[in-house]
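Q: Residue numbers (the UniProt record's numbering): 1 to 182.
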C-alpha cells in the first residue's frame, strides 16, 4: 500500500540521558529528525495506539524486543516503536519494558503519524488522537513493506492486531531473503 513512499520529514522532541546533569532527572531535550532515525539504515518501524496499553505491552513490543536477533539476521539494523505519546511517557514505558533492543520514538504531537495518514481519533477510549496500529520495513527512509491493521477509522470499536505483529513482519523478511537467494 505505502511501499515506495518516503517517510515525512519531521522533528521529534526527545529526552535523552545526560550524565552531566545532576539530580533525580538527568535528561535533556534533544531534537531528532526523521533522517536521524532512518537515513542509511534498514529498520522496522511499528506504531501503536499507546504506551502501557495491553496489546502493545503484552504482545507487540515484547515480540519485537525478544526477536531482535532474528530481525538482525534478515538485514535489519534497528527496530523503532512509535506512538503518539510524549517523550516522558515513551521513556518510562521503555524503562518499564526493560528494552535493550527496540528504541522508542515519541510522536507527541502526532505530526509524523498524521503525515503518514495513520492518525485516528480514539475518543471512544478517552485517548484523543492516536496512531492506528501498523508496521513497516523502511530502507534509507523509504517504505519497503507496509503492514497495516484492517479497519482504519476514527473511534474503531476494536484494536485489531496480527498484520503488524513481529511474526508477520519477520515472515515477510525471511520470504524476501529466500527470494533474493534464489
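Glycine included, each C-beta is placed from N, C-alpha and C at the ideal position.
Values in this document were obtained by computation on a predicted structure and should not be read as measured data.
Can you give the beta carbon distance from residue 142 to residue 6, rounded, assuming they're within the 8 Å contact cut?
A: 5 Å
Q: Bridge partners of residue 78, per DSSP?
A: DSSP lists 43 as partners of residue 78.
Q: So, is the C-beta of residue 69 closer than 7 Å to a C-beta in chain C?
A: No chain C appears in the structure shown, which is made up of a single protein chain.
Q: Judging by CA-CA distance, which residue of 113, 74, 156 is the nearest neighbour of residue 170?
A: 74
Q: Keeping to the same chain, check which residues put their C-beta closer than 6 Å to that of residue 104; ignore five residues upstream and five downstream.
A: 81, 90, 94
Q: For residue 220, which residues from the same chain have a beta carbon less than 6 Å from its beta carbon, with the 5 sequence-adjacent residues on both sides left out?
A: With the chain running from 1 to 182 in the structure shown, residue 220 is simply not present.
Q: Quick check: the Cα distance between residue 20 and residue 114, rounded to an integer number of angstroms?
A: 35 Å
Q: Ignore the nearest five residues each way along the sequence and tell me which others in residue 42's own chain have a CB closer than 8 Å to its CB.
A: For residue 42, the CB contacts under 8 Å within the same chain, skipping 5 residues up- and downstream, are 75, 76, 77, 137, 138, 139, 140, 144 in chain order.
Q: Within its chain, find whatever has a CB closer than 7 Å to the CB of residue 118; leave out the 5 residues flanking it on each side and keep chain order.
A: 47, 131, 132, 134
Q: Would you mind reading off the limits of the beta strand (DSSP E) that contains residue 129?
A: 129-131
Q: Please state whether the Cβ-Cβ distance between residue 3 and residue 146 is less than 7 Å.
A: Closer than 7 Å, so yes.
Q: What is the C-beta distance between residue 120 and residue 153, in whole angstroms, given that I count them as a contact (C-beta under 8 Å)?
A: Their Cβ separation, rounded to whole angstroms, is 7 Å, which keeps residue 120 and residue 153 in contact under 8 Å.
Q: Using a 10 Å radius around the Cβ and a threshold of 16 neighbouring Cβ atoms, would you call residue 60 buried or exposed?
A: buried
Q: State the Cα-Cα distance for the pair residue 64 and residue 24, rounded to the nearest angstrom.
A: Computed Cα separation, rounded: 30 Å.
Q: Would you tell me roughly how many angstroms separate the C-alpha atoms of residue 13 and residue 85, rounded to the nearest one?
A: 11 Å
Q: Taking only runs of the alpha helix (DSSP H) that begin and end inside the segment 80-156, which ones reach a length of at least 4 residues, in chain order?
A: 87-96, 111-115
Q: Out of 71, 33, 96, point me to the one whose CA is closest to residue 58's CA.
A: 96
Q: Among 166, 71, 99, 79, which one has its Cα closest to the Cα of residue 38?
A: 79
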